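Undergrad: Below you will find the structure I want to go over with you.
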Amino acid sequence: MKITNVEGLYLRLPEIQARTDSSQDALIVRISTDAAITGWGEVDASPHVVKAIIDAPPSHTLVNGLRHLLVGEDPLDTDRLWGRMYEGTLYYGREGVVIQAMAGVDLALWDIKGKALGEPVYKLLNGGYRTSVRAYASNMFQSTPGATAERARAARDAGYTAVKFGWEPFGEDPEQDCAFLEAIRREIGEDMELMLDVGHAWDAHTTLERARLFEPYDLFWIEEPLHPDDLDGYAVVSRECEIPIAAGEEECTVTGFNRLMEIGRVDVVQVDPSRVGLTQAMTIAMLAQSSGIPVVNHTFTTDINVAASLHLLASVPNAFLMEYCAEPSEISRSLARNPIVIVDGHARVPEEPGLGVEPDPAVIEKYLVRP
Ligand SMILES: [Mg+2]
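Counting from 1, one number per residue, gives the positions in the sequence shown under the working numbering.
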């Protein structure tokens, strides 16, 4: 089998709001083969830039677009092709969006491999540790504690046993922060797990102060209290804070995750398959396992990434919980013809060959941005 084309499809809502919600647009990767098998991936980054990285013509041996590096290659050689993309983009890659574009390609290659071999992707990674994963409802804070508590109630009523709230306007003022957490905890009761995503709002000192203040709300983890570059700060809060510290969604390389674990000493590692790729994610999960660190996903985009997350979480021993965006945009909600569904707070790991999610061509057509 040979790769015949690699395309980046840029989908976008008619209006993009200025908030930290990456489900408002999407970059879907489509890889075609001469065996009539199509693979699908996606990238949570700047879609326009990712598309350019796929399309770019070759400049020289160390500066190539991804399509140029992949057409004519065997899509089943996922590890070799990761190395080929890494070396063929070395002058402008190695970190950031080039790696993220490679991650989306990698998901599509794994989708092809599963379809070609007739197996769900998790069977081809490590094989299964679990057939379903407990999901948590991942929410943004609303403008008031009351409106936020309503979202918490919706999650509880939908059968979730864990819920997370994150980002603005949380973190600005300790009294307001307590009012938010108080309202959520009152709504969900004592049995549901509650996670907090701070969205880099604090330094280490503020994090430790707030963590003490938040003790009555029984937080399951505090996510990204610090800027992702503040590894020394992460080391301090991970050592001093009673509540587990989670981070990782900005990292996209094995090296980056290694630093976060070795220097930052975080308690929970969050891997986004659409920014890391399954090939690298397996290495990261095994490194985490060897340090006794549990792995969860970060996912705030379409069901392609949700499915990739499920295959990752199914096939590593140290996984225990899946992020599921409680309010996906219309693109994320409607893209898959066979969406991942959450039943009684759990998601079934897809058993269909490949990633197990097929995009609806009509939805792609509806939101596609044409050059
Ligand atoms: Mg987060």
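Glycine included, every Cβ here is placed at the ideal spot set by N, Cα and C. Predicted model, so just to flag it, every value in this text is computed and none were measured.
Return the chain-ordered ranges of every alpha helix (DSSP H) run that is complete within the segment 294-358 and spans a minimum of 4 residues.
TA: Listed in chain order, the complete alpha helix (DSSP H) runs (minimum 4 residues) inside the segment 294-358 are 303-315, 330-334.
Undergrad: For E358, which residues from the same chain have a beta carbon less than 8 Å from its beta carbon, with the 5 sequence-adjacent residues on both sides left out?
TA: Hits under 8 Å: W40, A336, R337, N338.
Undergrad: Buried or exposed, going by whether 16 or more other CB atoms sit within 10 Å of the CB of H60?
TA: By the neighbour-count rule (16 or more Cβ atoms within 10 Å), H60 is not buried but exposed.
Undergrad: State the beta-bridge partners of F165 as determined by DSSP.
TA: The partner list for F165 (beta bridge, DSSP) reads N139, L196.
Undergrad: Name the two residues that bound the continuous alpha helix (DSSP H) containing T148.
TA: T148 -> alpha helix (DSSP H) spans 145-157.
Undergrad: DSSP state of T33, grouped into three classes?
TA: T33 falls in the strand class under three-state DSSP.
Undergrad: When the Cα atoms are used, what is the spatial distance from D74 to G292?
TA: Near 36 Å, if we compare the C-alpha coordinates of G292 and D74.
Undergrad: Thinking just about the alpha-carbon of each residue, which of A201, E187, M1, W221 is nearest to the one in I112?
TA: Closest by alpha carbon: M1.
Undergrad: May I ask you to report which of helix, strand or coil DSSP gives H205?
TA: If DSSP states are grouped into helix, strand and coil, H205 belongs with the helices.
Undergrad: Once DSSP output is grouped into helix, strand and coil, what is the label at G118?
TA: DSSP places G118 in coil when its eight states are reduced to three.
Undergrad: Specify the secondary structure class of E95 as computed by DSSP and reduced to three states.
TA: Residue state, collapsed to three classes: coil.
Undergrad: Would you say V306 and Q280 are within 7 Å of each other, going by their C-beta atoms?
TA: No; because the gap between Cβ atoms is not below 7 Å, this pair is not in contact.
Undergrad: Considering only the alpha carbon of each residue, which of L213, G199, E193, G146 lies closest to E175?
TA: For E175, the nearest C-alpha among the options comes from L213.
Undergrad: With hydrogens ignored, establish whether the beta-carbon of E251 is closer than 6 Å to any heavy atom of ligand 1.
TA: False, no ligand heavy atom lies under 6 Å from that Cβ.
Undergrad: Tell me whether D21 counts as near ligand 1, meaning its Cβ is closer than 6 Å to at least one heavy atom of that ligand.
TA: Because no heavy atom of ligand 1 lies under 6 Å away, the Cβ of D21 does not count as near it: no.
Undergrad: Taking only three categories from DSSP, how would you classify R60?
TA: Reading off the sequence, residue 60 comes out as His, not Arg. Note: H60 maps to strand in three-state DSSP.
Undergrad: Taking the alpha carbon of Y86 as the point to measure from, which residue in V71, L62, L107, L109 has its own alpha carbon closest?
TA: Measuring from the Cα of Y86, the nearest candidate turns out to be L62.
Undergrad: Roughly how many angstroms lie between the CA atoms of V316 and P294, to the nearest whole one?
TA: Rounded to whole angstroms, V316 to P294 spans 10 Å at the Cα level.
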